[in-house]
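Number of protein chains: 2
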Amino acid sequence: MQVVKKPFRVAIEGNVGSGKSTLIKYFEKFKEVETNAEPIETWRDLNGHNLLQLTYSDPHRWNFAFQHNVQLSRLNLQSKTTNKDIQMFERSLQNNRYCFVEMAHDKGLLSSPEYGVMCQWYEYIEANVDIGLDLIVYLRSLPDIVYTRMQRRNRPEERTVKLDYLADLHEYYEKWLIKKYYNLPCSLLVIDVDKDLSENQLIDLYQTYEDKILGKMPVL
Amino acid sequence: MQVVKKPFRVAIEGNVGSGKSTLIKYFEKFKEVETNAEPIETWRDLNGHNLLQLTYSDPHRWNFAFQHNVQLSRLNLQSKTTNKDIQMFERSLQNNRYCFVEMAHDKGLLSSPEYGVMCQWYEYIEANVDIGLDLIVYLRSLPDIVYTRMQRRNRPEERTVKLDYLADLHEYYEKWLIKKYYNLPCSLLVIDVDKDLSENQLIDLYQTYEDKILGKMPVL
Numbered sequence: 063m064q065v066v067k068k069p070f071r072v073a074i075e076g077n078v079g080s081g082k083s084t085l086i087k088y089f090e091k092f093k094e095v096e097t098n099a100e101p102i103e104t105w106r107d108l109n110g111h112n113l114l115q116l117t118y119s120d121p122h123r124w125n126f127a128f129q130h131n132v133q134l135s136r137l138n139l140q141s142k143t144t145n146k147d148i149q150m151f152e153r154s155l156q157n158n159r160y161c162f163v164e165m166a167h168d169k170g171l172l173s174s175p176e177y178g179v180m181c182q183w184y185e186y187i188e189a190n191v192d193i194g195l196d197l198i199v200y201l202r203s204l205p206d207i208v209y210t211r212m213q214r215r216n217r218p219e220e221r222t223v224k225l226d227y228l229a230d231l232h233e234y235y236e237k238w239l240i241k242k243y244y245n246l247p248c249s250l251l252v253i254d255v256d257k258d259l260s261e262n263q264l265i266d267l268y269q270t271y272e273d274k275i276l277g278k279m280p281v282l
Numbered sequence: 063m064q065v066v067k068k069p070f071r072v073a074i075e076g077n078v079g080s081g082k083s084t085l086i087k088y089f090e091k092f093k094e095v096e097t098n099a100e101p102i103e104t105w106r107d108l109n110g111h112n113l114l115q116l117t118y119s120d121p122h123r124w125n126f127a128f129q130h131n132v133q134l135s136r137l138n139l140q141s142k143t144t145n146k147d148i149q150m151f152e153r154s155l156q157n158n159r160y161c162f163v164e165m166a167h168d169k170g171l172l173s174s175p176e177y178g179v180m181c182q183w184y185e186y187i188e189a190n191v192d193i194g195l196d197l198i199v200y201l202r203s204l205p206d207i208v209y210t211r212m213q214r215r216n217r218p219e220e221r222t223v224k225l226d227y228l229a230d231l232h233e234y235y236e237k238w239l240i241k242k243y244y245n246l247p248c249s250l251l252v253i254d255v256d257k258d259l260s261e262n263q264l265i266d267l268y269q270t271y272e273d274k275i276l277g278k279m280p281v282l
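Residue numbers (my numbering), protein chains in the order written: chain A, 63 to 282; chain B, 63 to 282.
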């Protein structure tokens with residue numbers, strides 16, 4: 063009989079520029095941790111089409127196809143087996159459903175029928191595939207702080223991202239994780255990254271939460 | 063230990079007006095058969111939106127959302143458990159992928175990125191969910207015959223369906239099942255319904271194929 067051990071699954075959540083990749087990079091060195099960055103490359107190359115770029119340039123036209131593709135790429139990551147004790151994901155299916163899909167619908171980038179289709183697919187996945195998380199780590203920061211950080215690092219695809227967008231996304235994160243509009247079926251660790259910390263200072267901060275993030279110490 | 067018996071899974075395929083529902087209705091009376099008509103009601107009421115109607119009225123705008131919804135509704139049917147020996151489906155996920163999605167893409171109703179997203183989802187489903195069929199029954203008929211039959215029965219939603227559309231769909235059925243453009247991993251029974259048969263004559267015809275359709279006699 064083969065016993066498949068279930069890994070401890072952690073999603074690292076937060077706005078653009080909140081320090082998710084720095085955190086994930088920090089945990090890459092732990093041999094018991096499998097890290098999964100956002101599957102951004104699959105959005106950039108869908109049979110030769112850059113769906114991410116299309117969505118940035120014409121969100122009304124492409125948002126639905128993009129969300130549909132994001133959902134699948136996250137499903138592929140979040141349901142794969144591993145021999146590591148801990149799986150760490152940069153954002154999650156749950157985040158996609160309760161922040162990005164909600165926001166796109168409210169902003170009119172997903173029509174109500176498209177929103178309905180997305181939600182029904184999410185319900186199917188939730189009922190039929192084990193996508194459960196054990197912990198959500200929320201890197202919480204005010205929009206203007208992450209905006210400054212984002213501008214400083216100057217990633218090509220983020221050049222068109224406006225402060226308004228970050229403020230909106232922040233609001234949806236808050237609804238999801240702090241105000242708890244939806245059922246949150248796992249532990250939540252909120253890390254305040256609301257100071258304009260350097261990368262080294264961020265790493266020092268993550269270190270203090272290390273045992274909680276890795277599920278070795280309970281999150282109260 | 064609970065042993066789950068795998069049912070014999072039959073998809074009934076064919077153009078609009080080829081006699082699929084008459085066949086399925088005939089087999090409803092067999093106690094070992096679970097019949098599944100097309101889940102058309104779920105397309106007519108998606109949280110109050112009639113996606114079927116939207117797609118008929120503006121296929122360029124709605125085809126992708128519609129196909130996405132059809133895929134999910136068929137997945138729900140085709141992966142459900144049963145205590146019957148035989149599961150019978152009116153059309154299938156495979157049919158959706160290899161006829162309707164291909165046709166919509168070729169006709170420009172699904173853009174290439176949308177088509178790519180649909181196909182990747184299909185690949186995911188095929189790799190992760192048992193949607194395998196044991197038999198495909200193809201009710202094969204020339205487009206002008208089914209057109210006459212469709213006009214005679216006068217279903218409201220079919221009033222806008224043109225002969226051209228039936229001719230196109232026929233071509234995609236032929237590519238899929240007769241010319242075998244794609245891998246067909248199950249048995250195929252082709253029933254010629256190319257004469258303008260009455261409902262009673264159709265039932266007589268189905269009766270002669272009964273044992274093959276129910277998997278009690280091999281299809282050669």
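Beta carbons: idealized from backbone N, C-alpha and C, even for Gly. On a predicted model such as this, the values are computed, not experimentally measured, just so you know.
Notebook entry, point to check: Does the beta carbon of B:Asn-131 sit closer than 8 Å to a beta carbon anywhere in chain A?
Noted result: yes
Check: With a Cβ-Cβ cutoff of 8 Å, do B:Lys-82 and B:Gly-76 count as a contact?
Finding: yes
Check: Quick one: does A:Leu-113 have its CB under 8 Å from some CB of chain B?
Finding: yes
Margin query: I'd like the span of the alpha helix (DSSP H) that includes B:Ser-174, first residue to last.
Written below: 174-190
Notebook entry, point to check: Is the beta carbon of B:Phe-89 sitting closer than 8 Å to the one on B:Gln-129?
Noted result: no
Next item on the list: Could you tell me whether the Cβ of B:Glu-75 comes closer than 8 Å to any Cβ of chain A?
Entry: no
Next item on the list: Identify, in the order they occur along the chain, each residue of the same chain with its Cβ nearer than 7 Å to the Cβ of B:His-167, setting aside the five sequence neighbours on each side.
Entry: Tyr-177
Note to self: Just to confirm before moving on: does the CB-CB distance between B:Thr-97 and B:Met-180 stay below 8 Å?
What the structure shows: no
Margin query: Against chain B, with Cβ distances strictly below 8 Å, would A:Pro-101 count as a contact?
Written below: no
Note to self: Taking the beta carbon of A:Glu-164 as the centre, do at least 16 other beta carbons fall within 10 Å, making it buried, or is it exposed?
What the structure shows: buried
Next item on the list: Could you tell me whether the region 196-203 of chain A touches the region 248-262 of chain A, using the rule of 3 or more Cβ pairs below 8 Å?
Entry: yes
Notebook entry, point to check: Taking 8 Å as the CB-CB limit, is B:Phe-151 close to chain A?
Noted result: no
Check: Do you know offhand how far A:Asp-192's Cα is from B:Tyr-234's?
Finding: 36 Å
Next item on the list: Check A:Thr-143 in the structure and name its three-state DSSP category.
Entry: coil
Next item on the list: Compute the Euclidean distance between the alpha carbons of A:Ser-174 and B:Leu-171, then round it to the nearest angstrom.
Entry: 20 Å
Check: Within 8 Å (strictly less), CB to CB, does A:Pro-175 reach chain D?
Finding: Considering every chain present, this structure includes no chain D. Its protein chains are A and B.
Note to self: I'd like to know if B:Trp-183 contacts chain A, where contact means its C-beta is closer than 8 Å to some C-beta of that chain.
What the structure shows: yes
Note to self: Along the chain, where does the beta strand (DSSP E) containing A:Asp-254 start, and where does it finish?
What the structure shows: 249-254
Check: So, do the region 204-211 of chain A and the region 152-159 of chain A have three or more beta carbon pairs nearer to each other than 8 Å?
Finding: no
Note to self: Please classify B:Leu-114 as buried or exposed, where buried requires at least 16 neighbouring CB atoms within 10 angstroms.
What the structure shows: buried
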